[in-house]
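Below: one structure, written as structure tokens.
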Amino acid sequence: MARHRSTFLRGVATVLMCSSASVPLRAQTQETSADTEADATLGYIVVTAQRRAQPLQRVPVAATALDSQALQQKGVTSLLDVPKVAPSLDVTTPYGNNGPEITMRGIGGGSFNKNTESTVATYLDETVLNLSTAKLGQLFDLERVEVLRGPQGTLYGKNSTGGAINFISKRPDGATEAEGSLTAARFGTYEANLGVQAPLTDELSVRVAARRNYSDGYSFNTLTGRHLNDVDDWGGRVGLRYQNDKVDSYLKVFFDRSDTNGTAYYPQGVYRANNAPSPSLVGAPTPNGINVLTGYVPPSDIDVVAAQHSPSNIRNDGASLNTDFYIGDLTLTSVTGYIHSQADTRFDADGSPFDIVHTLHFSKGEQFTQEVRLTSSEQGAFTWIVGGAFFYQKQDGGVQVSFPGLGRTVPVLQTFEEKTTSFAGFVDGTYKLSDRFELFSGVRATTDKKEIHQIGVGNFALADYDASDSEQWTKPSYRAGVNFKPTDATLLYASYNHGYRSGAYDVGFITNPAQIADPVNPEYVDNYEVGLKTNAFDNHLRVSTAAFYMEYEDQQLAVTPPGVGSLCCSLVNAGKARVYGLEVEGAARFSENFDVNFSGTVLDTKYLEFKPDGPTGARDFAGYELGRAPEYELSLEPEFRYPLAAGEIFFAPEFQFTGKQRVQTTVDRFGEDIQPAYNLINGQLGYRDADGRYSAFLFVQNATDKRVLTYFANTGATAVNQTFYSAPRTYGVTLTGRF
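Residue numbers (the working numbering): 7 to 745.
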């Protein structure tokens, strides 16, 4: 471990010295402040990554931020699209429209469990979207999106070991305004967005926003005659803002609805323990993908899927209140949020025309959050934030699994009810030693308590059960670091962050007594990071780099246990792992009409220890790479502009290069979970006016029609690997307007 860390730190030093040396002398000595940067060539974007409004290039955190125009042009209309514009991020939803699995820098874990708390926390206007079914419906009418990489906790309402994604909605500002967009695309897809605001009094204003998104879906079920991978989403939001020189208060109510006819996957046949040619071939693919239980051979065209109807439905409602009180030089902030979520998903686990195994996952939950914090003035040598947070969540649900094709007439029914209560106190501060040097640190103490009641009847792998348990964890998360500003245009930082995610109960499909009312341990991440952010060449070049080394301990991971009856999945702690890498992103302006945005990541991940105890049996993944952590990612996004009339024509191709990776957080020993390196081409061509009032553009995604493996799961009981693939080539047109 020491040798790895020494090599890593030497590499980091070399990267930073080279990066600093590449900046010319005139850029090293230029005077660029936040006030003047807005008028510079590339401009800047203000973020609240540290709970203060700051230019992104001044924040000692690896972060990506996009404003509403960039989100619209790049087709970021869902959480699933955010990885296209944020390095080291992966989001997938293999089983319908609920329970997205989010991974950052390889930190994450896939799970069917509806009580899973993501390693990457998502927030809407500072309210955490903790319920797994409530994360996808509110990405519309946004001011910007911020993606923070690395452990978060000392400044955020929920601990997270991987990172945080912040959705910041547009607030009414007293002006009368309307804006909207309309998109029509392949596969019967259309999306409409509308936002309208107006003043009610001198200090009170209102904004109403709505979204409608529909698609027939790019797959077709030849057995049922239904489309798959379709979309039928609604969303709405109403916000009232009261603002004067003493208070700024924003009350918002929102809802979203999502329905789909299900997802499509390729059911690759595998050998089971009772019919494999040899023990070494258990789990190996069969010839032609044939299912050894039924003799079914899946079609060669993965767009034609013979499967049972698999509807998935979500209903979310919520409200939040954000208030800032200005008390002299201090700001007192209160953030209150409530969310109610209900969802169900049906799924055919064998992916064949035979009625062998199908499942129903259902859940209902509500959460309440309250955070209060006091923030100092930005003036003076010492700036600080101190506060406390309360979180409560109640959730009940379960899974019903039927095995008609295996001769069982009584379904397995497993239900749970869980209550989570969390209290936290935090303090974070920055001390300015000089105009060039700053020290920063923060600590958060969190107490998480979970209570659970689980019932299982009709089980075939274990006796019926009725069990209860409770567990409490009190743990710290903390950070410390130093900022060095050699010039007003350059920031060098070094930081250490310790992240924590609470223990968890397993409420997936239980096939082992060890899963019942017995939580896995909390997981921890230690992140050592150095970074450089600089503007050079009279602000024609903006670069952010971060080099990091992460130690990951007791990862919470869902693993398919060995054996004939294994369906999926047992929640376990995965021992130790390490991750190190380098991220670079930025923009270059070569002329008034030619820009290039770029980003890249290089990752090296490995399990150092994977405990072979518990329900995983003899499995040991030590030495394997972590899932959803590609060896490299590179994105090049030039934009060419040609002035015309009162606006400009723009052409913005996007070239994305992605290295080899495992697409599941577990490991398939036959390598069927590996997606080789691939390249994608996207792009936009259109016209926009000079004032940003309207635009019209054509777009294409996956122009070369690549089929990319996005998810993998082994289900031994049904003798298949479930392999999911990306959407084919998509194209369409978008119109936008603001009045």
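Cβ atoms here follow ideal geometry from the backbone N, Cα and C, with glycine treated the same way. Note that this is a predicted model, so its numbers are computed, not measured.
Of all alpha-carbon atoms in Ser501, Thr427, Phe596, the one lying nearest the alpha-carbon of Phe490 is that of Ser501.
Per the coordinates, the alpha-carbon of Asp73 lies some 30 Å from the alpha-carbon of Tyr101. In this structure, Ala355 and Thr724 form a Cβ contact; the two beta carbons are roughly 5 Å apart against a cut-off of 8 Å. Inter-residue distance for Ile362 and Asn227 is about 17 Å (C-alpha atoms, whole angstroms). In this model, Ser732 and Pro93 are separated by some 18 Å (Cα to Cα). Spanning the alpha carbons of Ser225 and Val392 requires a straight line of approximately 51 Å.
Here DSSP, grouped into helix, strand and coil, assigns Thr742 to strand.
In this structure Glu535 does not touch Phe515 by the C-beta definition: roughly 38 Å separates them, more than the 8 Å allowed. Here Gly334 is exposed, its C-beta having fewer than 16 other C-beta atoms within 10 Å.
By the neighbour-count criterion, in which a residue is buried when 16 or more other Cβ atoms sit within 10 angstroms of its Cβ, Thr207 is exposed. The continuous stretches of alpha helix (DSSP H) do not include Gln561, and DSSP gives it neither H nor E.
Membership of Ala658 in any alpha helix (DSSP H) is not indicated; the residue belongs instead to the beta strand (DSSP E) covering 653-664. For secondary structure counted as the beta strand (DSSP E) over 3 or more consecutive residues, the segment 42-125 holds these complete runs in sequence order: 69-73, 95-98, 107-110.
Under the DSSP definition of a beta bridge, Ala170 partners with Ala127, Leu154. By the neighbour-count criterion, in which 16 or more other beta carbons inside 10 Å mark a residue as buried, Gln158 falls on the buried side. Residue pairing for Ile345: DSSP places it in a beta bridge opposite Gly324, Gln373.
For the 8 Å CB-CB criterion, Pro528 and Gly509 form a contact. Taking all protein chains shown into account, Lys666 has fewer than 16 neighbouring C-beta atoms within 10 Å of its C-beta and is therefore exposed. For Gly587, the enclosing beta strand (DSSP E) stretches over residues 582-597. In the structure shown, Asn294 adopts helical secondary structure according to DSSP, grouped into three states. Nearest Cα to Glu643 within the set Gly677, Asn599, Asn688: Asn688.
Look at Ser286 here: in three-state DSSP terms it is helix. Of the residues Ser124, Gln75, Lys80, the one whose Cα lies closest to the Cα of Thr98 is Ser124. Put simply, the segment 286-306 does not touch the segment 230-249. Fewer than three CB pairs are less than 8 Å apart.
The Cβ-Cβ distance between Glu152 and Ala69 falls below 8 Å.
If you ignore the 5 residues before and after Asn603, its C-beta comes within less than 6 Å of the C-beta of Ala593, Glu643, all in its own chain and listed in chain order.
Within its own chain, the residues whose Cβ lies closer than 8 Å to the Cβ of Gln670, once the five positions on either side in sequence are excluded, are Gly116, Gly633, Arg634, Asp679, Tyr717, Phe718, Ala719, listed in chain order.
Restricting attention to beta strand (DSSP E) runs no shorter than 3 residues, the segment 204-246 encloses them at 210-221, 225-227, 232-234, ordered along the chain.
Assignment of Leu412 by DSSP, reduced to helix, strand and coil, places it in the helix class. The segment 280-295 and the segment 257-264 do not touch, with fewer than 3 CB-CB distances between them shorter than 8 Å. As the crow flies, the alpha-carbon of Asn708 is around 14 Å from that of Ala658.
Among the bridge pairs identified by DSSP, Lys425 is matched with Lys400, Glu457.
Counting only the Cα atoms, Phe661 lies some 15 Å from Val714. Comparing alpha carbon positions, the residue from Tyr220, Glu424, Phe432 closest to Arg192 is Tyr220. A distance below 8 Å separates the beta carbons of Leu497 and Arg64. Here Ser175 is near Arg243, since their CB atoms are less than 8 Å apart.
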